[in-house]
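Trainee: Just passing along the structure, written as structure tokens.
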């Protein structure tokens, strides 16, 4: 699942479903914190206590939580997720790798530039071009320390190459916050800016190109809540790669369930 945005009713539904279904792995694709969050109490209070309780209930059946942050999650709270990881309540996956059985899991939080001002998890995509109406990364604000050169010049393309370029991804699951460009997973409603209609696709070209080239088994996405409504689909294929987007524009909790041995049978449930 992805894009819970700190809504406790969604988290309560999630934890109840985990107790019922007892999955081996739970992947959470970013935008997990409440809008406008100003302190770490949601993570160090609510989330930590819920995970501890869940672990007490499920004991050996407690799932492996693999988590990344999203562009709406202030990076200054990254350490709080790392603390949950240190306590073995989650595994903080951004720019890391974990093997579970025969499969490898990876995570990447950054998205292409958006119209929003917080730029903690934004980078230029394949070049320093931005669409009309988009705020460049260096013109927004960040909540944690980051080199000015990195803000102004680094790209998602370079990041992914450095992180994943030499990996064997034939049995990999990659948790991206951004969806790949020009798919059923990255649609937004275009707007007119100075009589020019903006692109209806808002995903990452770098992520799209990477998937085409490296063909991981499964990629998981979020970020663009309305895409499944506009396209009528929460899943797509790029070559042999199965791509799923769990973000959802209504109040229900969206969960995508899949078996790694049969990703073609994945299902989305709304609770």
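Numbering (UniProt numbering), first residue to last: 1 to 271.
All residues carry an ideal CB built from backbone N, CA and C; glycine is no exception.
Since the model is a prediction, treat every value here as computed from it, not as a measurement.
(1) Whole-angstrom Cβ separation of residue 206 and residue 241, contact assumed at under 8 Å?
(2) Where are the alpha helix (DSSP H) runs, 4 residues long or more, that stay fully inside the region 155-219, in chain order?
(3) For the region 162-172 against the region 203-221, are there 3 or more C-beta pairs whose distance is under 8 Å?
(4) Which residue wins for smallest C-alpha separation from residue 66, given the options 235, 41, 183 and 32?
(5) Given a cut-off of 7 Å, decide if residue 186 and residue 230 are closer than it, judged by their beta-carbon atoms.
(6) Can you say whether residue 3 is buried or exposed, counting buried as having 16 or more other CB atoms within 10 angstroms of its CB?
(7) Which value, in whole angstroms, describes the spacing of the CA atoms of residue 272 and residue 157?
(8) Can you tell which of 150, 153, 41 and 271 has its C-alpha closest to the C-alpha of residue 6?
(9) Using DSSP with H/G/I as helix, E/B as strand and the rest coil, what is residue 42?
(10) Whose CA, out of 151, 192, 45 and 228, lies closest to the CA of residue 123?
(11) With DSSP as the reference, label residue 119 as helix, strand or coil.
(12) Let me check understanding here. Comparing Cα to Cα, which of 58, 44 and 36 lies closest to residue 15?
(13) Which residues share a DSSP beta bridge with residue 146?
(14) Measure the CB-CB distance between residue 109 and residue 68 and report whether it falls below 7 Å.
(15) Could you check which residue in 19, 116 and 148 has the C-alpha nearest to that of residue 36?
(16) For the alpha helix (DSSP H) containing residue 8, name the first residue and the last one.
Mentor: Answer, in terms of the structure:
(1) About 15 Å separates the two Cβ atoms, so there is no contact after all.
(2) Complete alpha helix (DSSP H) runs here, min 4: 156-164 and 205-214.
(3) Contact between the region 162-172 and the region 203-221 is present, because at least three Cβ pairs lie under 8 Å.
(4) Minimum Cα distance to residue 66 is reached at 32.
(5) No Cβ-Cβ contact shorter than 7 Å links residue 230 with residue 186.
(6) By the 10 Å Cβ count, residue 3 comes out buried.
(7) The structure shown does not extend to residue 272, since the chain is modelled only from 1 through 271, so no value can be given for it.
(8) When only C-alpha atoms are compared, the closest one is 41.
(9) Looking at residue 42 - three-state DSSP - the assignment turns out to be helix.
(10) Looking only at 151, 192, 45 and 228, the smallest Cα-Cα distance to residue 123 is reached by 151.
(11) Three-state DSSP puts residue 119 in coil, outside helix and strand.
(12) Measuring C-alpha to C-alpha distances from residue 15 to each of 58, 44 and 36 identifies 58 as the nearest.
(13) The partner list for residue 146 (beta bridge, DSSP) is empty, contrary to what the question assumes.
(14) In this structure, residue 68 lies closer than 7 Å to residue 109 by Cβ.
(15) Considering only alpha carbons, the answer is 116.
(16) Unbroken alpha helix (DSSP H) run through residue 8: 8-21.
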